[in-house]
Amino acid sequence: MAETSTRYRVDGMDCAGCASRISTAVKRVPGVEEVDVSVTAGTMTVRHAETPGLREAVLRQVGALGGYAATPLPPRGAPAEAGLHGHAHDHGPTGGPWWRNPRALLTIGCGLALVAAWIVGRLAPAVEPWAFGAAMLVGLVPVARRAFVSARLGTPFSIETLMVIAAIGATLIGATEEAATVVLLFLVGEMLEGLAAGRARASIQALSGLVPATALVEEGGRTREVPAAELAVGATILVRPGDRIAADGAVVEGTSAVDEAPVTGESVPKRKAAGDTVFAGTVNGEGVLRLRVTAAAQDNTIARVVRLVEEAQESKAPTERFIDRFSRYYTPAVLVLGALVAVLPPLVLGAPWAEWIYKGLAILLIGCPCALVISTPAAIAAGLSAGARRGLLMKGGAVLEGLGRIDAIALDKTGTLTEGRPKVTDLLPAGGNGRALLAGAAALETGSSHPLALAILARAAADGVEVPPATDAAARPGEGVAGRVNGQALFLGAPGSATAGGAVPSDWAPRIEALQAEGKSVSVLLADGRFQGVIALRDEPRADAKAGLDALKALGIAPVMLTGDNPRAAEAIGTALGLPVRAGLLPEDKQRIVRTLQAEGKRVAKVGDGINDAPALAAADIGIAMGGGTDVALETADAAVLHGRVMDLSRMVALSRAAMANIHQNIAIALGLKAVFLVTTLAGITGLWPAILADTGATVLVTANAMRLLAWRE
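The sequence shown runs 9 to 722 under our numbering.
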């Protein structure tokens with residue numbers, strides 16, 4: 009029978025115990041093969057057979073647990089999801105005022121009942137135990153129902169089970185007031201967990217709100233407003249000053265400064281003109297822009313970021329998987345320990361039963377695993393979200409963990425360390441001035457799409473050089489381009505082609521060789537056979553390449569350049585940037601070198617942007633695609649630097665190390681508090697309500713500590 013998978017948004021989920029309970033229950037539905045639940049993403053993915061009515065059975069099973077509601081989601085990338093405004097947002101703690109949430113209302117009701125019981129106890133002491141018992145039942149009955157349903161659907165050792173046993177046991181030994189207080193504190197802890205989990209989800213879902221709901225489309229000279237989710241690739245849209253840009257696109261007409269801070273974190277607006285690319289969700293400045301849409305709503309920058317981060321949050325890190333396995337045995341062990349503490353001292357040593365039953369019940373509450381289980385996924389989710397908001401995309405917790413451990417990084421040259429397009433670096437006229445030299449070269453190259461031609465034309469435009477018209481312009485294969493400009497026969501080509509005609513003076517040969525030794529492409533311009541000068545071009549390093557590599561070295565990571573470019577050009581760039589170079593490589597050579605580094609015991613990251621980098625990206629411990637790279641590189645890689653900054657590589661490593669430090673802090677908080685309260689409980693210093701604080705307090709502390717990563721700055 010054919011298998012498929014269905015994704016659901018699950019409301020009401022706020023801790024790892026919720027995820028375990030839901031997963032166990034849904035696995036019992038006939039036809040379900042596998043269930044993956046993510047608290048941080050608020051989603052559930054079910055792999056199942058194509059059985060009639062199965063989806064409805066899954067919805068009923070989740071609803072039967074009480075407090076949860078599942079909603080089917082469209083497949084990833086479908087317009088209803090990735091069109092952003094149809095995105096199925098969570099309607100749990102973030103869906104309205106916190107006090108309207110069912111768990112908040114239950115907590116408030118329980119608190120009011122406890123206050124009423126205290127007042128009744130002051131007025132009529134004889135009925136005080138009954139008043140507190142009634143107040144306890146206000147909160148305990150819903151918790152007991154959840155414990156019963158969870159046990160019936162496969163999760164007998166839940167936090168609710170421990171809570172019910174402790175509350176009932178405390179009531180039986182006469183500690184009714186404490187039992188009611190413990191139930192209230194438990195509900196307060198649950199409510200705070202829900203609020204924190206909702207904040208974590210909202211941090212990434214807020215990205216969806218960056219894209220405006222509508223856009224102005226130009227058709228046949230007229231403008232009309234359409235939903236942004238319906239914009240087609242190739243459509244022309246008008247963006248007025250102050251508007252948010254509704255789609256990824258290329259500027260067709262107009263110039264303006266665009267504020268990219270919402271997407272890239274850049275504090276300074278970027279100047280955009282015809283031919284430049286813009287991102288959905290950024291804000292237009294003072295000029296009117298006409299854009300050609302280059303990506304549908306489900307494929308624009310924001311949609312891809314949200315999709316990648318949700319996928320990443322649904323995959324578990326190694327530490328998280330270990331904690332999950334550990335917790336399966338931990339909770340039953342706590343029950344056994346609590347029972348032994350309650351029974352052994354009275355049986356063996358003749359100690360008072362009430363005292364040691366009380367201590368055993370307190371240990372049940374201290375031992376609740378919530379804080380420990382949430383310690384890793386909360387930090388992973390916050391780290392992934394913090395990275396995404398800065399253009400640092402990581403496809404899962406395993407990638408976030410692994411990045412902090414790399415000690416070698418192999419980088420492609422073209423498009424990774426360099427801009428990926430040549431620029432004019434030198435204008436050396438034989439006489440006259442550089443503007444005349446540039447004007448003649450640009451006249452011959454007008455209309456060409458060759459990268460070197462585009463670089464010459466871009467330099468002429470940047471310098472404000474007036475380009476005269478050329479006639480009879482034609483390419484000479486293997487040599488250059490020739491034509492007539494202002495009555496002169498011009499030729500622009502390689503020095504070798506010009507030298508064959510004897511037109512390049514011999515004293516210029518050393519200068520040309522020096523330029524070529526720097527990895528530059530050199531063209532000479534002749535006018536009626538007379539030498540006019542030299543234009544040198546090179547794909548220059550990114551502005552932050554040197555600083556980015558230095559930052560990696562400061563983190564203890566050794567960089568190396570792996571490139572298919574010619575050795576002379578590669579060595580020139582490598583020398584300027586201060587890193588070793590391996591040049592003239594085929595894709596399989598890059599992969600082989602990565603495997604050699606791994607064989608030497610190094611954990612290797614590979615950074616690239618092209619199809620020829622895909623094998624090495626797949627072979628590396630961590631593959632990183634530069635943002636402007638091909639779809640193949642982005643799909644193969646484990647992570648992506650969305651905005652193509654070399655400095656972002658060190659930021660990604662620093663974020664990974666910050667996340668791992670946060671996880672270690674969380675585990676220390678969770679286990680440390682439990683250890684302290686375990687000792688004080690056995691010593692008779694603390695009782696039931698401090699015990700529940702040890703659990704709920706630790707959970708809140710761990711979650712709050714993880715949320716600090718949302719504001720991470722290097």
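The C-beta atom is built at its ideal place from N, Cα and C for all residues, glycine as well.
C-alpha gap between residue i and residue j, whole angstroms
i    : j    : result
L200 : A379 : 12 Å
Q673 : E186 : 31 Å
P87  : D307 : In this prediction, P87 has a pLDDT of 47, which is less than 50 and means its spatial position is unreliable; nothing more can be read from the coordinates.
T302 : T79  : 32 Å
A525 : V47  : 57 Å
Q606 : G631 : 13 Å
A396 : T309 : 11 Å
A389 : D267 : 27 Å
T426 : A584 : 12 Å
C26  : G412 : 30 Å
A628 : K610 : 10 Å
A666 : L560 : 15 Å
W720 : R398 : 10 Å
R576 : G527 : 6 Å
A626 : L594 : 15 Å
E261 : V247 : 11 Å
A490 : E521 : 23 Å
A124 : L131 : 11 Å
T222 : G391 : 31 Å
Delimiting residues of the alpha helix (DSSP H) encompassing residue i
i    : result
D267 : Here D267 belongs to no alpha helix (DSSP H); instead the beta strand (DSSP E) covers S264 to D267.
D703 : L696 to M715
A561 : Note on identity: in this sequence residue 561 is Lys, with Ala being the wrong assignment. A553 to A562 is the span of the alpha helix (DSSP H), which, as asked, contains K561.
E596 : P595 to A607
I176 : I167 to L180
A394 : C378 to A396
V407 : G405 to L411
L625 : A622 to A627
Range of the contiguous beta strand (DSSP E) that encloses residue i
i    : result
L373 : Element bounds for L373: not the beta strand (DSSP E) but the alpha helix (DSSP H), W361 to I374.
T41  : Per the sequence shown, the amino acid found at residue 41 is Glu instead of Thr. Its beta strand (DSSP E) spans residues V40 to S46.
T12  : E11 to D19
P567 : A566 to L570
S531 : S529 to A535
P235 : R230 to P235
L498 : Q496 to G501
R576 : Where R576 is concerned, there is no enclosing beta strand (DSSP E), although the alpha helix (DSSP H) it sits in stretches over P575 to L585.
A648 : A647 to V649
L419 : A416 to L419
Coil, strand or helix - residue i by DSSP
i    : result
A511 : coil
S664 : helix
A132 : coil
P340 : helix
G358 : coil
R68  : helix
T454 : coil
T59  : coil
E186 : helix
G783 : As displayed, the chain neither begins before 9 nor continues past 722, which places residue 783 out of reach and without an answer.
K614 : strand
E427 : coil
F156 : helix
P110 : helix
V349 : helix
N674 : helix
P437 : strand
E474 : coil
I245 : strand
R36  : coil
A288 : coil
A282 : coil
P82  : coil
A517 : helix
V301 : strand
- Message: If contact is defined by three or more beta carbon pairs under 8 Å, each pair taking one atom from either stretch, is the segment 452-468 in contact with the segment 655-664?
- Response: Result no; under three Cβ-Cβ pairs closer than 8 Å.
- Item | Sufficient close CB pairs (3 or more, under 8 Å) joining the segment 344-351 to the segment 362-373 | Yes: the two stretches touch, three or more of their Cβ pairs being nearer than 8 Å.
- Query: Would the segment 275-286 and the segment 217-233 be scored as touching if the rule is three or more Cβ pairs under 8 Å?
  - Reply: No, the segment 275-286 is not in contact with the segment 217-233.
- Report yes or no: do three or more beta-carbon pairs, one from the segment 437-451 and one from the segment 536-549, lie closer than 8 Å? Yes, the segment 437-451 is in contact with the segment 536-549.
- Message: Would you call the segment 106-120 in contact with the segment 49-59, where contact means no fewer than 3 C-beta pairs closer than 8 Å?
- Response: Here the segment 106-120 makes no contact with the segment 49-59; the two share fewer than three CB pairs at distances below 8 Å.
- Query: Is the segment 63-74 touching the segment 30-39 in the sense that three or more CB pairs, one from each, lie closer than 8 Å?
  - Reply: With contact defined as three or more Cβ pairs closer than 8 Å, the segment 30-39 and the segment 63-74 are in contact.
- Query: Any chance the segment 287-305 sits against the segment 241-255, with 3 or more Cβ pairs inside 8 Å?
  - Reply: Per the Cβ contact rule, the segment 287-305 is in contact with the segment 241-255 (3 or more Cβ pairs under 8 Å).
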